[in-house]
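Convert by adding 38 to the 1-based position in the sequence shown; the result is the number in this note's numbering. In this text, a Cβ means the ideal position worked out from N, Cα and C, and glycines have one as well. Bear in mind the structure is a predicted one, so any value in this text is a computation, not a measurement. Here's the structure, in structure tokens; my notes come after.
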Amino acid sequence: MTTSAAVLKAHGIVRTTEVVELAALAGLELAAAATLLQKESGGGANVYGHDAVETGGFYTKGGPVTAANYRKYKAHRSQLGAQGVGPVQLTLPAFQDRADDKGGCFDWAVNALVGFQILAGNITALGVRSGFRAYNGSGPAAERYADDALAKLRVWRDRLAGTPTAAPHVGRPVLHEGDTGALVSTLQKFLNRTFPLYSHVDLAPQRYGPQTSKVIAEFQRRAGVAGPGVVKSGTQVGPPTWAALEFFGFR
Numbered sequence: 039m040t041t042s043a044a045v046l047k048a049h050g051i052v053r054t055t056e057v058v059e060l061a062a063l064a065g066l067e068l069a070a071a072a073t074l075l076q077k078e079s080g081g082g083a084n085v086y087g088h089d090a091v092e093t094g095g096f097y098t099k100g101g102p103v104t105a106a107n108y109r110k111y112k113a114h115r116s117q118l119g120a121q122g123v124g125p126v127q128l129t130l131p132a133f134q135d136r137a138d139d140k141g142g143c144f145d146w147a148v149n150a151l152v153g154f155q156i157l158a159g160n161i162t163a164l165g166v167r168s169g170f171r172a173y174n175g176s177g178p179a180a181e182r183y184a185d186d187a188l189a190k191l192r193v194w195r196d197r198l199a200g201t202p203t204a205a206p207h208v209g210r211p212v213l214h215e216g217d218t219g220a221l222v223s224t225l226q227k228f229l230n231r232t233f234p235l236y237s238h239v240d241l242a243p244q245r246y247g248p249q250t251s252k253v254i255a256e257f258q259r260r261a262g263v264a265g266p267g268v269v270k271s272g273t274q275v276g277p278p279t280w281a282a283l284e285f286f287g288f289r
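Written out as structure tokens, the structure is:
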């Protein structure tokens, strides 16, 4: 049977396995994720946009996004104006900053995840058409963007109909507050090492206690982890949270 990743690849989407996993992590319909990538970057190219702002010679409109040129762009963004960045063309400074907080707007996977999360939130709050419109902005151009997105979305839904969609591979048991053992210890060490700004769990007890719950809740908030199986108090680590932790490097 043809997989969803294979369908995406056959129709011009790049890094298809990651697209499937990141869309699932963001809680975004895969067809909507493909639509967004197609519209914003021709299928997922990590490039700058063509908005009418000065570049300062720090990047090339339509050219590749790199860590080096992005940092130069951001250092001068307030003077030059905001440009679309990456596979989902994050343009608002607040959205670019959000991606930077997760590891870098220049990073393809981080950029895509943030865009998927933003669109998923828009659709939840406003509906599909208005969600796409809000992603683009407002006014006549945004209305045309939404109409075109709906047309493309219908095509992607037809293409993906009946294909199995792989969820992020986790393969770990659900942890609950009060649990102990090697996995708890590994998780706590990862949290302290990866998120030192807010994770300072006492490693000695090797117990999933209130400290760990507080850190997990903060991680879920910052990473945008939501949906079925997510306990906002941080007292449980289930598949959606494991998938988000894997995205940030947990192994």
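Let me know if residue i comes out buried or exposed under the rule of 16 or more other beta-carbons within 10 Å of its beta-carbon.
{"i": "ALA153", "result": "Looking at the sequence provided, one finds Gly at residue 153 rather than Ala. Buried, since its Cβ has 16 or more Cβ neighbours within 10 Å."}
{"i": "GLY82", "result": "buried"}
{"i": "TYR246", "result": "buried"}
{"i": "SER42", "result": "buried"}
{"i": "THR54", "result": "buried"}
{"i": "LEU235", "result": "exposed"}
{"i": "SER116", "result": "exposed"}
{"i": "GLY122", "result": "buried"}
Among the options, which has the Cα closest to the Cα of residue i?
{"i": "VAL85", "options": "LEU128, LEU225 and SER251", "result": "LEU128"}
{"i": "HIS88", "options": "GLY100, ILE161, PHE233 and LYS47", "result": "GLY100"}
{"i": "LEU118", "options": "SER237, PHE96 and THR201", "result": "PHE96"}
{"i": "LEU66", "options": "ALA48, PHE170, VAL45 and ARG136", "result": "PHE170"}
{"i": "LYS190", "options": "GLU78, LEU63, LEU60 and GLN249", "result": "GLU78"}
{"i": "ARG210", "options": "THR201, ASP217, THR232 and LEU221", "result": "LEU221"}
{"i": "TYR173", "options": "VAL45, LEU75 and LEU213", "result": "LEU75"}
{"i": "ALA158", "options": "ALA120, THR250, ALA62 and GLY219", "result": "ALA62"}
{"i": "ARG192", "options": "ARG167, GLY177 and VAL212", "result": "ARG167"}
{"i": "PRO259", "options": "PRO248, GLN249 and SER271", "result": "Rather than Pro, the amino acid found at residue 259 in this sequence is Arg. It is SER271 whose Cα lies nearest to the Cα of ARG259."}
{"i": "PHE285", "options": "THR162, VAL148 and TRP194", "result": "VAL148"}
{"i": "GLY124", "options": "THR98, HIS238 and THR40", "result": "THR98"}
{"i": "GLY175", "options": "ALA261, LEU130, ILE51 and TRP280", "result": "LEU130"}
Assuming residue i and residue j form a contact by the criterion Cβ under 8 Å, report the distance between their Cβ atoms to the nearest whole angstrom.
{"i": "VAL268", "j": "PRO278", "result": "5 Å"}
{"i": "THR73", "j": "ALA187", "result": "6 Å"}
{"i": "ALA70", "j": "GLN155", "result": "Wrong, their Cβ atoms sit about 12 Å apart, outside the cutoff."}
{"i": "ALA150", "j": "LEU60", "result": "5 Å"}
{"i": "THR250", "j": "GLN226", "result": "6 Å"}
{"i": "THR232", "j": "GLY287", "result": "7 Å"}
{"i": "VAL45", "j": "ARG195", "result": "Their Cβ separation, rounded to whole angstroms, is 11 Å, which puts VAL45 and ARG195 out of contact at 8 Å."}
{"i": "GLN244", "j": "GLY219", "result": "7 Å"}
Name, in chain order, the residues that DSSP records as bridge partners for residue i.
{"i": "LEU128", "result": "VAL123"}
{"i": "VAL275", "result": "LEU213"}
{"i": "ARG245", "result": "THR218"}
{"i": "TYR86", "result": "VAL123"}
{"i": "PRO102", "result": "VAL85"}
Using a Cβ cut-off of 8 Å (strictly closer), state whether residue i contacts chain D.
{"i": "GLN249", "result": "Of the chains in the structure shown, none is chain D; there is only one protein chain."}
Check whether the stretch 143-158 and the stretch 97-111 are in contact - that is, three or more C-beta pairs closer than 8 Å.
yes
Cβ contact (3+ pairs, closer than 8 Å) linking the stretch 88-96 and the stretch 179-186:
no
Please determine if the stretch 250-259 and the stretch 273-289 are in contact, where contact requires at least 3 C-beta pairs separated by less than 8 Å.
yes
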